[in-house]
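Beneath this line is the structure, given in structure tokens, with notes to follow.
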Amino acid sequence: MSIDKSKITVTQFVFTIVCFIESSAVLSSFSVGISGKDSWFTMIMGYLVFLILVFVISQIMRRYPDKTLIEINNEVFGNVLGRIISVFYIWFFVTLTSLNLLDTQVFASSSIMTKTPPIVLMATFMVICVWALRNGISVMTRYMTVIGLLSFAITVFAFIIAFQKFHLSNLLPPMQQKPIVYVQASHIFSTIPFGEIIVFLMLTPNVSSSSKKYGRYILIGTLLGVISMLLVAIRDIGVLGETIKYFTVPSLETQRVSSISKIFSRLEVLYTIIFTALMYSKIVVLLYAATAAIAQFFKLKTYKNISLLIAALCIVYTLNLYDSGISHGLSGMLVVPFLWSFIEYILPILTLCVILIKSKFKKEGTENDAVRVNGKRGNLSLGPSLGN
Amino acid sequence: MSAKKITRRLLSVTAVVLIIAVLGGCWDKVELNAISIITGIGVDAIPDNPDLMNVTIQSANVKALSGPASGGGGGDGEAPFIINEEQSKSISEAITQIGRRTSRSPFTHHNQIIVVGKDYCKNGIQSVVDTFLREDEMRVETSIVVADGTAREMLSVKTEIEKSASQWIPGMLASLNYNVGKVDVSVLDFASQILKPSGAAVIPLIKVEDTSLQKPMLKEKNAQQQEKKDEGEEKSGEEEKDEKKEAEEEKSEKKNGGEIETKTLSFVGFAVFKGPYFVGEMGVAEMKGYRWLSGDVTSTRVSLSVGSGTANVNVTNAKFKKKVRLDESGKLIADFSIIADAAVLESIGIDDTDIKRYTKVLTEVMSEQIKKEIEDCLEKAKELNADVFGFLNTLYEKHPKDYKRIEEKRDEVFKNMTLNTDIKITIQDTGKLKKSILEKWWNDEH
Amino acid sequence: MILEKLLNRFIRFQEKARETPAPKNGGNGDSQDNNLKGDSSDALLEKLSDNVNTIKELLGASQDVKYHNIKLRGPGAPEAMLIFIDGLVDEKMITEGILEPLLTHEFNLTEGLAFGKLAQIIDKQILQMGDVEVSNKISKLISAILSGSSALIIDGVKECLLISTKGYPTRSITEPQTEVVVRGPREGFTENLRTNTAMIRRRIKSQDLRMEHMTVGKKTETVICITYIKNVARQEIVDKLKERIEKIDTDSIIDSGYIEAFIEDSPFSLFETVGYTEKPDVAAAKMLEGRIAILVDGSPFAITVPHLFVENFQTSEDYNTRFLYASVTRLMRFVAYFLSVFTVPVYIALTTFHQELIPETLLFTIANAREGTPFPVFFEALIMVISFEVLKEAGLRLPRPVGQAISIVGALIMGDAAIAAGLAGAPVVIAVAFTAVAGFIVPNQIESTSILRIIMMIIAATLGGYGLALGMLGLLIHLASLKSFGVDFLTTVIPSTDLKDSFVRAPLWAMVRRPIALAGRNRIRMKPWLPQNSEKA
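Chains as they are written, first to last, in this note's numbering: chain W, 17 to 404; chain S, 326 to 771; chain X, 2 to 538.
The following block contains the structure:
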């Protein structure tokens with residue numbers, strides 16, 4: 017079978033989501049650079065927008081519990097259109113993997129390994145990811161619980177340490193900026209950390225859950241993740257004050273500044289390790305999604321064979337994505353949110369609409385046998401897949 | 326698994342491992358004995374050349390620094406810290422250029438202190454602020470200090486107790502933080518302050534002071550040496566040797582004997598900045614008021630003169646409340662209240678038979694004195710047109726709309742502001758004595 | 002490629018060796034064995050001399066094989082031959098149990114009694130031994146003699162009697178050297194299989210205790226015993242184990258370690274997935290949790306299956322002491338293990354890549370220590386680690402009285418002399434010394450920590466902190482993918498599974514159920530119990 021058939025428990029699923037979201041706490045400079053002091057507010061707004069997506073995804077998951085995204089596309093849109101849409105998703109997964117890899121490499125290069133060529137950092141990272149991938153999902157996600165809890169504990173610890181330098185007055189006064197700033201920042205938040213959850217539609221068949229309340233799991237996971245992100249944001253704003261808009265990686269600066277006596281100073285090492293672990297968990301899930309999607313799309317026997325190939329492709333892609341870190345930052349602020357909105361929000365909503373319309377027609381069809389109404393795509397092979 | 330598969334797997338794993346081992350070729354690897362650890366950076370203006378700055382860099386000479394395990398260290402002769410100077414357009418350039426003159430590569434991550442000469446400040450410290458915030462290797466929490474004099478002199482001072490100025494200054498700032506209240510300012514703090522509406526900040530001002538002290542120990546040593554030489558002279562009685570010995574004597578006198586010039590660094594006040602520009606100083610007199618107004622007092626001694634007597638009181642446990650508002654005419658009114666405890670340290674010539682009256686008198690005089698200190702400081706700040714206390718900030722934080730109204734003329738508003746102070750200090754205890762024992766002699770005239 | 006060719010040849014050779022399927026009683030029977038040419042010549046013949054000649058041919062001219070000719074009493078009573086191997090048998094048993102009753106009995110072999118029944122009569126009515134088997138195969142006779150039984154062949158009877166008379170000298174039960182406890186039983190397994198099984202029987206007197214014997218090793222014919230408790234261990238694991246043992250097709254099984262090599266899941270991994278113990282109480286405790294123990298004749302080490310990662314950190318003493326202190330020591334072991342592997346790599350990474358993370362004063366001290374030394378930190382550390390490994394190994398091999406002196410003196414001198422000679426800096430020596438000592442807290446992981454430490458050192462020296470983070474992740478992945486007989490290696494370490502006995506030891510009265518991975522459905526150990534013994538005054 018092209019995808020991994022091993023089962024993961026609900027706890028592992030939830031904590032994978034937590035790790036996924038927490039890893040974005042570090043790279044918040046896209047949005048923090050825009051909303052500055054009020055980032056905590058825009059984060060909450062972005063989360064609320066995201067709840068729409070949660071609803072949409074949970075509805076889709078509920079109807080097709082044993083199918084991955086690619087299969088769902090084929091089912092819902094028919095073979096031709098479904099495949100075209102799957103191509104969009106595949107491009108999305110691969111680009112996401114590459115972008116996150118780029119973020120990891122930039123962070124590592126700028127903070128600790130300044131002179132090492134980027135490809136070495138990326139290659140070694142991908143080797144570990146591919147190794148995990150080849151061992152299967154259950155091995156991959158086994159540690160997410162530990163990593164998630166550990167990083168949460170470290171976030172709390174870092175918050176406590178930064179307390180000395182924390183000034184509540186830095187958070188005041190709230191909401192003094194132009195409204196467009198809030199809209200833009202919320203939009204960024206809803207797409208870049210949160211919207212990427214759509215990737216988990218590739219993992220749904222593996223979750224061994226009797227109740228299939230996927231919406232609830234995603235909600236819990238993202239809620240925990242968002243709390244962690246809020247803690248980080250509030251801490252950064254409180255410590256850095258007005259300067260937060262100007263730093264490229266604000267969290268790192270906060271970490272450098274905070275200390276308790278000389279022993280606990282310079283704790284950015286802790287931070288870097290946790291960051292690496294979190295990014296690893298995120299990239300491994302993304303890589304799995306990309307590989308499994310491609311494997312399913314081309315109807316290969318197993319995804320493990322091409323994993324190394326896809327990883328190498330991602331590395332090459334990463335090196336060619338942007339000319340410089342500056343255009344990366346700009347693109348992250350201005351271009352990417354719109355691109356992702358299309359794939360993360362519009363496509364799933366469209367999918368759900370089609371599903372609902374189809375099911376409505378099917379109901380009408382069974383009630384009134386004589387009236388055969390053509391579905392939107394003229395595709396009446398609804399079959400048993402619509403598990404209503 | 327077939328043989329082919331096993332072989333393939335083994336070979337590919339070996340290949341990958343070898344490649345990674347070779348690739349991970351230690352680009353970032355720096356051996357400890359190839360770096361020169363920079364501990365202090367100083368920036369001065371060059372009188373004739375406003376474009377260039379004179380950068381002084383103090384780095385550690387590890388061999389002479391560390392403990393007994395190293396087997397003897399460098400002895401007295403070797404300096405524990407090395408000073409290098411360079412003239413250049415920017416700090417980073419200077420650091421790289423110094424690499425021309427040392428055998429090791431500079432390592433700025435452990436930089437403890439930035440000293441800026443007062444003359445340099447007058448042109449603004451933009452370069453310093455930007456470099457230290459932007460460059461990866463510089464840490465934003467390094468403390469800045471303004472030197473009343475040149476930074477070069479300050480960093481070259483041979484200090485007591487600590488081995489160099491770059492360790493002495495942070496130590497002093499830390500101890501003041503602990504005992505008196507927050508005194509040190511890091512680059513990040515400075516940047517945060519000037520970005521806020523008030524736009525003003527203070528930086529500690531430090532001065533090099535001479536203290537010519539004769540060290541008694543060394544005098545004895547000198548005397549012993551003198552005796553030995555006398556004996557030697559008696560024994561040998563050769564003229565050439567005499568001459569040599571005289572020459573030696575002179576040298577050793579210059580080095581060890583007689584008077585030694587040691588210098589100390591003292592904290593003499595604050596340098597006030599509006600934005601990155603230096604606008605003035607607050608001396609020791611205004612420092613006290615600043616302490617009170619900044620709301621950051623751990624403990625402080627206040628000297629009072631009550632009638633014909635004097636008292637000395639230790640104020641602790643201070644709690645501050647600052648309320649700022651704008652009245653209809655656009656005038657800034659600040660209500661500042663202090664609630665603190667006090668303990669009497671010294672009390673002479675004040676009638677303390679009735680303890681209630683005694684405390685009342687003391688508290689009144691104290692409030693008056695503190696109010697005066699605060700007002701003096703506020704006057705000075707108004708004179709310099711720098712709201713270093715953050716009144717405008719508080720206005721912005723609590724009443725942003727009002728602030729927006731007066732934003733353009735905020736300097737004027739600050740100049741015309743009124744401050745209402747309300748001080749409530751309770752005397753908690755009078756020390757070990759209930760009453761002064763010297764009552765009998767109070768009215769004696771000598 | 003050459004490697005491929007070699008591997009191919011190796012595999013073909015193995016396949017040839019497996020041409021005849023192994024018989025049911027354990028990977029033994031094989032047509033390559035040169036003594037038997039098929040079933041027909043394996044049967045005993047009627048004439049005594051024929052049989053004896055065959056046996057003499059097969060066994061050769063070994064002087065310790067004794068052939069004792071006896072003549073049974075009574076009219077028409079035949080001759081008989083008692084064959085045994087001197088040194089393996091208990092002479093007293095032979096004299097009192099076999100020869101005396103046999104030689105004092107009057108055989109009355111009249112017409113009615115066929116010769117064929119003679120063996121049965123002797124077995125059931127005459128011999129005074131408890132363990133007698135009647136057989137008509139020469140192969141069985143040979144293996145019985147080689148195991149210490151005596152064989153009685155009677156002229157004219159096609160059957161022989163195999164009487165167990167094992168009486169070889171063995172080591173007495175002593176305190177094991179490797180697992181020392183302060184509080185707890187001090188008996189250890191010996192090399193005698195029967196003694197070992199008896200020790201286990203003494204501790205588990207349940208009727209569900211099963212002891213299934215198998216023989217492995219073509220030339221050694223080692224008897225092994227698979228012990229488990231029937232309704233506690235999972236049957237799938239037992240079956241899998243038996244299957245793997247039956248596939249063993251080798252010459253020699255000298256020690257339980259040999260069996261371990263053939264049955265383990267991941268031979269290439271650093272971590273062992275099969276545990277071992279020298280103490281019967283430990284083995285019994287493990288069996289009571291659902292594991293299976295394998296006792297091997299000739300080895301005082303019993304191996305237990307499945308083996309989880311946490312077990313390396315559990316000692317029998319943990320359960321005999323109170324739970325608070327036991328939990329503290331357990332945590333300390335985990336921390337010590339972690340430190341033992343990672344201290345030196347972290348030191349290398351910090352001093353070469355991330356000097357900014359070291360507090361200032363410490364940095365000056367370390368830099369000063371580095372001043373005089375010629376090698377980069379990695380080589381310094383490598384030299385010290387290797388010299389420590391050498392010292393450790395040498396200390397093991399030297400005769401006891403000399404060994405201790407040399408290790409202590411050697412360590413001191415090497416450390417001090419290395420610093421004085423400027424070969425290594427003091428911080429490195431301290432780091433390595435601490436690492437070494439910490440490594441001994443978990444003694445059965447010494448092999449894995451040594452290798453792991455060196456791997457991590459190389460990673461730290463090439464890629465610094467980033468490499469270490471990746472290395473740790475890689476290690477976690479590897480651990481997560483290991484399985485021991487179908488049970489995940491890391492069960493009970495990952496949260497959301499049974500954590501009661503991993504990082505801390507829950508009180509005995511709180512461990513109501515057995516770990517699910519080992520015992521499956523047979524989970525309930527005891528009724529839930531809360532401490533209520535204290536009487537309120």
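We put the CB at the ideal spot given by N, CA and C, even for glycine.
Alpha-carbon to alpha-carbon, residue j and residue i
{"i": "X/T366", "j": "X/L483", "result": "43 Å"}
{"i": "X/I225", "j": "W/S167", "result": "49 Å"}
{"i": "S/S335", "j": "X/S150", "result": "First, the residue type needs correcting, since residue 335 of chain S is Leu and not Ser in the sequence shown. Between S/L335 and X/S150, the C-alpha separation is close to 49 Å."}
{"i": "S/K647", "j": "S/F714", "result": "10 Å"}
{"i": "S/K330", "j": "X/D266", "result": "18 Å"}
{"i": "S/E574", "j": "S/G442", "result": "At S/E574, the pLDDT of 46 sits below 50, so the modelled position is not reliable and the matter cannot be decided from this model."}
{"i": "W/T130", "j": "W/F313", "result": "39 Å"}
{"i": "S/V609", "j": "S/G620", "result": "18 Å"}
{"i": "W/F377", "j": "W/V92", "result": "13 Å"}
{"i": "W/G257", "j": "S/E732", "result": "20 Å"}
{"i": "W/L67", "j": "W/G241", "result": "14 Å"}
{"i": "S/A665", "j": "X/L363", "result": "41 Å"}
{"i": "X/N26", "j": "X/A303", "result": "Confidence at X/N26 is low in this model, with a pLDDT of 43, below 50, so the placement of that residue should be treated as unreliable; the coordinate-derived value is given next. Going from the Cα of X/N26 to the Cα of X/A303 covers about 21 Å."}
{"i": "S/I408", "j": "S/D461", "result": "23 Å"}
Sequence-distant residues of the same chain with beta carbon closer than 6 Å to residue i, five excluded per side
{"i": "S/V622", "result": "G506, R616 and A643"}
{"i": "S/N379", "result": "D369, I371 and Q412"}
{"i": "X/D91", "result": "T166 and G168"}
{"i": "X/G28", "result": "Because X/G28 sits at a pLDDT of 40, beneath the cut-off of 50, its placement in the model cannot be relied upon, and the point is left open."}
{"i": "S/G604", "result": "Here residue 604 of chain S turns out to be Val, not Gly, going by the sequence shown. So the list reads V597, L709 and A711, once near-sequence residues are dropped."}
Own chain, CB closer than 8 Å to residue i, minus 5 neighbours either side, in chain order
{"i": "W/I322", "result": "T307, I310, A311 and L316"}
{"i": "S/L590", "result": "M479, V482, T484, A490, W493, I494, M497, I531, K532, V533 and E534"}
Partner residues on chain W for residue i, Cβ-Cβ distance less than 9 Å
{"i": "S/R650", "result": "Those within 9 Å of S/R650 in chain W number zero; the least Cβ separation is about 14 Å."}
{"i": "S/D461", "result": "S126, S127 and T130"}
Inter-residue CB distance, residue i and residue j (contact presumed, cutoff 8 Å)
{"i": "S/S761", "j": "S/D679", "result": "Not confirmed; about 13 Å, so no contact."}
{"i": "X/N321", "j": "X/G404", "result": "With 8 Å as the limit, X/N321 and X/G404 do not qualify as a contact, their Cβ atoms being about 30 Å apart."}
{"i": "S/P529", "j": "S/F432", "result": "That pair is no contact at about 26 Å."}
Contact set between residue i and chain X, taken where Cβ atoms lie within less than 9 Å
{"i": "W/Y233", "result": "Correct list: empty, because the minimum Cβ distance to chain X is about 14 Å."}
{"i": "W/I144", "result": "L471, G472, L474, G475 and I478"}
Listed by chain order, chain W residues near residue i by CB distance under 7 Å
{"i": "S/P721", "result": "Here residue 721 of chain S is Tyr; the residue named in the question, Pro, does not match the sequence. Per Cβ cutoff of 7 Å: P189."}
{"i": "X/S482", "result": "N151 and V155"}
Beta-carbon neighbours of residue i, restricted to chain S and to distances below 7 Å
{"i": "W/R251", "result": "Neighbours of W/R251 on chain S: none; closest Cβ ~14 Å, over 7 Å."}
Residues near residue i by beta carbon distance below 7 Å, same chain, minus five either side
{"i": "S/E487", "result": "W493 and G496"}
Beta-carbon neighbours of residue i, restricted to chain S and to distances below 8 Å
{"i": "W/R272", "result": "R464, V465 and E466"}
Any non-hydrogen atom of the ligand GDP within 8 Å of residue i CB
{"i": "X/N445", "result": "For the ligand GDP, the structure offers nothing, since it holds no ligand at all."}
Under 8 Å from the C-beta of residue i: neighbouring residues of chain W
{"i": "S/K521", "result": "G257 and E258"}
Practice task
Give a yes or no on contact between the stretch 242-260 of chain X and the stretch 214-231 of chain X, applying the rule of three or more CB pairs nearer than 8 Å.
Solution key: yes
Handout entry: Stretch-stretch touch, CB-based, cutoff 8 Å, three pairs: the stretch 355-368 of chain S with the stretch 369-385 of chain X
Key = yes
Handout entry: Stretch-stretch touch, CB-based, cutoff 8 Å, three pairs: the stretch 234-244 of chain W with the stretch 82-96 of chain W
Key = By the Cβ rule, the stretch 234-244 of chain W does not count as touching the stretch 82-96 of chain W, because fewer than three pairs are nearer than 8 Å.
Exercise for the section: Decide yes or no for the touch test of the stretch 98-106 of chain X against the stretch 118-128 of chain X: beta carbon pairs closer than 8 Å, at least 3 of them. Expected result: yes
Problem - Inter-stretch contact (C-beta, 8 Å, three-pair minimum) for the stretch 347-354 of chain W and the stretch 125-139 of chain W - result: no
Problem - Sufficient close CB pairs (3 or more, under 8 Å) joining the stretch 736-749 of chain S to the stretch 683-697 of chain S - result: Counting Cβ pairs under 8 Å, three or more are found: they touch.
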